[in-house]
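Let me begin by presenting the structure, written as structure tokens, before commenting on it.
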Amino acid sequence: MKKGFIVVLALLVMCGLSFSAPVTSEAKTLTIGLNVPMTGDIPKVGESSKHAAQMWLEDIKAAGGLKVGGKTYKVALDIEDNESKADSAVSVATKMITQDDVLAIVGPQSSKQAVPAGEVCNNYKTPMISPWSTNPATTDNRPYVFRGCFLDSFQGPVMAKFVTGEYGFKKAAVLYDVASDYPKGLAEFFKKAWEKMHGAGSVVAFESFTTKDTDFSSQLSKIIKSGAQFLFLPQYYNEVPLIVQQAHALGWKNPIVGSDSWGSPETVKLCGKDCYGSFFCTHYAAAGAKGATKAFIDRYTKKYKEVPDDVAALTWDSLHIIQKGIESCAKLTGKVKKDREALRNAIAKIKDFKGITGNMTFTENGDPIKCAVIVKISDKGEYKFYKSVCP
Amino acid sequence: MPLLQVKNMTHFFTGLRAVHNYNLEINPGEIRGLIGPNGAGKTTIFNLLTGVLRPTEGEITLEGTDIIGLRPHQIAARGIGRTFQNMKLWRHMTVLEHVKMAHYSQLSYGLTGAFFGTKKRVRQENEIEEHAHTLLALMDADQFADQKVLNLPYGVQRRVEMARALATRPKILFLDEPTVGMTPEELVGMMNVFRKIHNELGLAIFLIEHRMKVVMEFCQRVQTLVFGEVIAEGTPDEIQNDPRVIEAYLGKEEVA
Amino acid sequence: MTYFLQNVINALQWGSFYALIALGYSMVYSIMMLFNFAHGDIFMTGAYIGLGIATGLLAIVSSGVIALPGWLILVLTIIISMFITSLLGVLVERIGYRPLRNAPRASAAITGLMIGIILETGNLALLGAKRFSFPPLIMTKAYNISGVFVTNKKILVVLVSLTLMLALDLFVRKTKWGMAMRAMSYDFVVVPLMGVSIDVIAPMTFAIGSGLAAAGGVLYGVAYPVLDPYMGILIGWKAFVAAILGGRGSIMGAALAGFLLGFIEIFVTMIFPSTLRDLIAFSIVLVILTFRPHGFFGKPYSAKLRL
Amino acid sequence: MEVKKSNPGNTKRFSGLRHFFSGIPASGWLLAAFAAVLLEFYVGDPLTEILGLPKIPALFGIVIILKKPHLIPGAFAYVGLIYLLPIIIVAKITAPATNWVSEKLDRMPLWFSAILHLVLLYFVLEIWTDISDYRLLMLKLTLIAIMITLSLNIINGYMGEFSCSHPGFIALGAYVASVFTVGLFVNDRLLGHALLPQALGQFLFPIGLILGGLVAAVGALIVAIPSFRTRGDYLAIISLAFMFIVKSLIENLEVVGGPRGLGGQPDWATLPTVFVWAVLCVWTINNFVESTMGKALNAVRDEESAADAMTVNTRKTKMIAFMFGAFWAGVGGGLFAHVLRYVNPGTFGIKKLAEVLAMVYFGGLNSVFGSIVGAVSFNLLSEALRPLEIFKWIIIPVLLILVMIYRPTGLIAFKHFNVKKILRPRPGSKERV
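The listed protein sequences derive, respectively, from chains S, X, C and L.
The working numbering runs 1282 ahead of the 1-based position in the first sequence.
The working numbering runs 1 ahead of the 1-based position in the second sequence.
The working numbering runs 2 ahead of the 1-based position in the third sequence.
The working numbering runs 1316 ahead of the 1-based position in the fourth sequence.
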């Protein structure tokens, strides 16, 4: 019995030695972690991030690797599913940092995961860029954590100003998801900005619903009754079509204005004609895009048979920021801890990064200063550039 | 003073009169029988007396104190033990656990004891375990102490149930058809158990029973219940010869 | 007043969905004494099947083989997807519940929960993460009746679900199988001895329940045309609340409780700040159950999840 | 506590293996594990290099198996060389000695022996987690999962109710404990300046956890009081409503961040803290369910009217069960919040409910063992299958359905957790031939 066991083990050891010996040459590979939700509430977000990241990796591979200080490094992606859960995001981040020796992490995307995962990354001094998280707490007081998008505190006033200038309205209505971090934050910043411009009580309806709701008739009836001149809708592409259609069915004829979360091409695909003519604020306009942005959109569309959404674009930019950071390091030591620190400093120093979602410079907090784009949905359902608003 | 006294007890089930003007007196050590056709309200009377149901009218006193409105476990702790027609054993518990469980009201170690395993708890658990073994031995079931009740033969289950009822240290024991569905051998064993309870423990017993043989042998007085009303009361002999009883009860059902 | 009436209309539509899903829950719950936690996901699957059929039919129509009006396509879609989803229901019963017929009820509930997760992730794996929009089979027409807005879709949803409820009620009260089901809900043990096999009744119950869920799913697709794999979870759990609120053994009770839940949610939003909707709506449910512990129409019956 | 006769399991099939291992007491296994982790501590790194592994396999290699299949032989060899072989050899060699020690300990008070074993276990875990912080995090989360699973088992297993309110209890505990620590000891945007020096906090942290547990227990009254009159199905939706209410309540409380969540909890949920709380939880719960007062839960579950007639105060019993279960869920939640150092209400929804229920029913109802096994295996499985992404959530449900079909009450249901029996010496291997 015992002997048999030992023999088996000995065989195992030999197998291990013979099979895995050649793999040791992996040392020069730089690993970038991608901490995204492939399952859970928002699988689409994970899918888009993965697509963008794979496209980026293709580019690197085509170029033969990343050149740093005269040496060429291979790059590998470590894509892990965080199931859209906070605890999973933390374990994934910890695992990437301590087990997989990643140089930097992109993601998590949503704030409920980016906040705790940012804590982990900051503690382990690993650069992390959350392309999509808008919660101030994600980067607050965390030198190693950056984000790829503008904050709600910027976007809210932008929209308030835009609507005032464009339509000259005085009475606003807001409908948002109370259980979700991003819409709630943005709704509140918008309300604050609007009331600052038009006095207290000028937001005549401030209504909410809960994630996964599909019937908004009661809230919309309330909004219509309030006499609001337009509706601000900081919601995602899966709710926007429903809300807009239901509003029209209830007799709402005033404009509906959106936020950057409308940026997905799905919005207009699901919404159809009901959304035509609406304005929203976003990172980039797909229709009529130029230069690198257009190249990205065309390539992505060809490869994955769909127009890239804002998550894909922001993830793409985040990866390029990391790439630029790595390239601007004088050299990599091969010791992952030192390299992470060097990379962090390099990223923080990046000035005027030309991304497809606009030019970026990081503040001391790790938040980018970038311009917002106001987009109009054309009568053909395309996102047409309308105006650019810079801080 | 009688041990248990019931005066003019009446109960309605949403308008339906289930028990009407019921009176009962049980003295210490006495064995009383309650017979009647199915659906006459015998088990309802048990449920009323043990606090499962609250009578619409009437008074119930145990050793001179009113027990109406007390919860079943309080009445049980004051000295009315009972068995059930369908036994109601706890599926997943062993024989010993059954009998120990019925000591619940006698435990005083409280939550501290339960959570932290104090000395007091160890002592009390040991005490009730000892008592449980004594009762099981009395019921001739101690050899099954560590077995799950569901695996035991029917006669043994009945004896375990009896031990469980005795563990509440009752002054009076309510037995709801304790011999139903028994084989002749099991019946003999059960009757021995009755004798033991009566002779060795000196308990008063209130018995619902269909088998006249059992009623005849043990009961000092018998009531006959039909449609919630007592139509006859007396010694077993008197009852057996009462024409009303024969008509209502014996005439219809074959006596085992 | 118009505002109030508007909300009554809103609640009627929203309640219809709760009612339809709660009916399926209640069928299985009343007859089999099971929590079919997969029901919300069967509803989702029904909607997706409906989507597939509608798309297919539209493709046939647009290729010019036959000309079908939109409403006929809708009717066909509902009927076919009800049928296919019924088969799915039978399959779920066969795989997930029949082996557990003598097991504790809670275990069967867990199986249902897991089948639900499999349906969700299976959908995700098959169709990918992108959402689908339900094809507009009928054009939305909004009618303005002195300030109260009603659309043809809303009327359709309410009418179809009421029709289905009545049909189910007739089935259960008048047909042989329906009576057998009712008998089964009274006595799980005796009825099989009377020549009614539970192996027939159980799949049939699941089939009907799933069929209703599919009808709900297609109507849902018409009314809220964005489908996603997780759309059945929340509405399913809330319909579960309605089904039990209605009371065991009372299928119509479940439907009424579904409407009641819809009305509570809509009117709480109407009166209170909408952020407090879930808080107040569920507190009302809690209070109702504290004072009417057996639901509205259920028999005073305390079912244990026996181990 | 008496020692039960050996259980009639399927001894035949594995009798050879069983016989081989039967002579080793718990202390022997612990000592062997200690040796193994020490070995790993000293030679783990060189060995991984020899075997061509990039790192010491964090969770016995299960995490890398699916991700980098070419490393499987290396991982197997590593696990064999570091864990299996040393554990078996040391356990077998030291068996006479450890048996002697166990025999001595067996005569001493149980608490003494138990504490000695636990200290040894703690050191094993401490050294084991020293290798990698990922291990540490997983261990902490698993210990918390054990607490939560066990506390739900009191209600769903021991008392046989189908309670859906557990995420609510966890949320209450997590938030109360977080408000306590963040509000008192941390400068926070939401809750203002620290009122007390942070150095003090480490010692007052248990108070925060207990407070969280107590609030959860008081919240449990909302579910427990209706349970006097109603059972089963109706209670299931009362508890479900409770869960929705708690979630919605926290979302509406701007003071604690609403849906944005509350972050910045101090890093006080260290391994010793979590370990001690988990041990306390298992200890008190096991004490409770083994006492006659605790077994009253089973009586209420199996036949409530009989329990009532046998003097069992059923209302008190139900209330204790709910409050006690909720208390530990709350403490678990408090620790959870401090391990993640962030909480948000979205975490405590239906998904969490499905997860906790899955752990309880997978492991086994009415069983402390079962809950431990359920929580540990579920967490390990969840980590191991993560690379499968979507298919992970098909495989886990299928596994659970299979368990339900073949063992409807879970893997290890209705098993006593008898500490004395676990720690007893086992010198009988020779006699039992």
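Just so you know, even glycine gets a beta-carbon here, dropped at the ideal spot from N, CA and C.
Mind listing the chain X neighbours of residue i? Cutoff is C-beta to C-beta under 8 Å, in chain order.
i	result
phenylalanine 1604 of chain L	Ala115 and Phe116
So which residues of chain L does residue i contact, with C-beta pairs closer than 9 Å?
i	result
valine 1460 of chain S	Ser1564, Glu1567, Asn1568, Gly1574 and Pro1575
Which chain C residues sit within Cβ distance under 7 Å of residue i?
i	result
proline 1240 of chain S	Beyond the ends of chain S as shown, which are 1283 and 1673, falls residue 1240 of chain S; an answer cannot be given.
Based on Cα-Cα distance, which residue from the options lies nearest to residue i?
i	options	result
methionine 1609 of chain L	X:His104, X:Ala19 and X:Leu4	X:His104
serine 212 of chain C	C:Thr4, C:Ile75 and C:Ile80	C:Ile80
serine 1546 of chain S	S:Lys1507, S:Val1593 and S:Gly1637	S:Val1593
valine 1539 of chain L	L:Gly1524, L:Phe1521, L:Val1562 and L:Ile1523	L:Val1562
leucine 1732 of chain S	S:Met1410, S:Trp1414, S:Glu1401 and S:Gln1501	Any property of residue 1732 of chain S remains undetermined from this structure, which presents chain S solely from 1283 to 1673.
methionine 141 of chain C	C:Phe134, C:Thr153 and C:Ser135	C:Thr153
serine 1621 of chain L	X:Ala164, X:Gly182, X:Met213 and X:Asn48	X:Asn48
leucine 1537 of chain L	L:Phe1337, L:Lys1420, L:Met1635 and L:Glu1619	L:Met1635
tyrosine 23 of chain X	X:Phe13, X:Ile32 and X:Gly30	X:Phe13
isoleucine 1706 of chain L	C:Val220, C:Thr87, C:Ala127 and C:Leu170	C:Ala127
isoleucine 32 of chain X	X:Met217, X:Glu248, X:Leu226 and X:Val246	X:Met217
valine 228 of chain C	S:Gln1528, S:Thr1575 and S:Leu1502	S:Gln1528
Taking the alpha-carbon positions, what's the residue i to residue j distance?
i	j	result
alanine 241 of chain C	phenylalanine 1485 of chain L	23 Å
glutamate 1340 of chain S	threonine 1492 of chain S	40 Å
leucine 1515 of chain S	phenylalanine 1561 of chain S	11 Å
histidine 1654 of chain L	serine 1462 of chain S	22 Å
glycine 1559 of chain S	cysteine 1611 of chain S	46 Å
glycine 2 of chain C	glycine 91 of chain C	Past the edges of chain C, shown from 3 to 309, lies residue 2 of chain C, and the structure says nothing about it.
phenylalanine 208 of chain C	isoleucine 235 of chain C	18 Å
leucine 1359 of chain S	lysine 1343 of chain S	11 Å
asparagine 1317 of chain S	glutamate 1365 of chain S	10 Å
valine 1590 of chain L	leucine 1459 of chain L	7 Å
proline 56 of chain X	methionine 10 of chain X	7 Å
glutamine 221 of chain X	valine 231 of chain X	17 Å
leucine 1397 of chain L	serine 109 of chain X	54 Å
For the alpha helix (DSSP H) that contains residue i, what are its first and last residues?
i	result
arginine 92 of chain X	Careful: arginine 92 of chain X lies outside any alpha helix (DSSP H) and carries neither H nor E.
glycine 34 of chain X	Element bounds for glycine 34 of chain X: not the alpha helix (DSSP H) but the beta strand (DSSP E), 32-36.
glutamate 191 of chain X	The sequence shown places methionine at residue 191 of chain X, rather than the glutamate named in the question. Here the alpha helix (DSSP H) through methionine 191 of chain X covers 185-197.
cysteine 1403 of chain S	1393-1405
alanine 1358 of chain S	That residue, alanine 1358 of chain S, is in no alpha helix (DSSP H); its beta strand (DSSP E) goes 1353-1363.
isoleucine 268 of chain C	253-273
Name the chain C residues that come within less than 8 Å of residue i, Cβ to Cβ?
i	result
leucine 1556 of chain L	Trp239, Phe242 and Val243
asparagine 1472 of chain L	Ala108
leucine 1673 of chain L	Ile112 and Leu115
Could you name the residues of chain X that residue i contacts, counting a contact when the two beta carbons are closer than 7 Å?
i	result
alanine 1625 of chain L	Thr51, Pro73, Ala77 and Arg83
Give the interface partners of residue i over in chain L, defined as CB-CB distance under 7 Å, in chain order.
i	result
serine 285 of chain C	Ile1561
leucine 204 of chain X	What leucine 204 of chain X touches in chain L: nothing, since even the nearest Cβ is about 16 Å away.
glutamate 98 of chain X	Lys1611
Starting from residue i, trace the beta strand (DSSP E) in both directions and tell me its first and last residue.
i	result
methionine 1642 of chain S	1640-1644
serine 1412 of chain S	1410-1412
Got a sec: does the ligand PLP put a non-hydrogen atom nearer than 7 Å to the Cβ of residue i?
i	result
lysine 1587 of chain S	Although the ligand PLP was asked about, the structure shown includes no ligands whatsoever.
Got a sec: which bits of the stretch 1505-1523 of chain S sit with their beta carbon under 7 Å from any beta carbon on chain C, in order along the chain? Lys1507, Asn1520 and Pro1523
Please name the residues in the stretch 1658-1687 of chain L whose beta-carbon is closer than 8 Å to at least one beta-carbon of chain C, in chain order. Ile1666, Ala1670, Leu1673, Ala1674, Tyr1677, Leu1681 and Asn1682
Proximal residues, the stretch 1589-1618 of chain L versus chain X, C-beta separation under 7 Å: Thr1600, Asn1603, Phe1604, Ser1607, Thr1608, Met1609, Gly1610, Lys1611, Ala1612, Asn1614, Ala1615 and Asp1618
In the stretch 1722-1733 of chain L, which residues sit with their C-beta less than 8 Å from some C-beta in chain X, listed in chain order? Phe1730
Could you please tell me which residues of the stretch 1514-1532 of chain L, in chain order, have their CB closer than 9 Å to any CB of chain X? none
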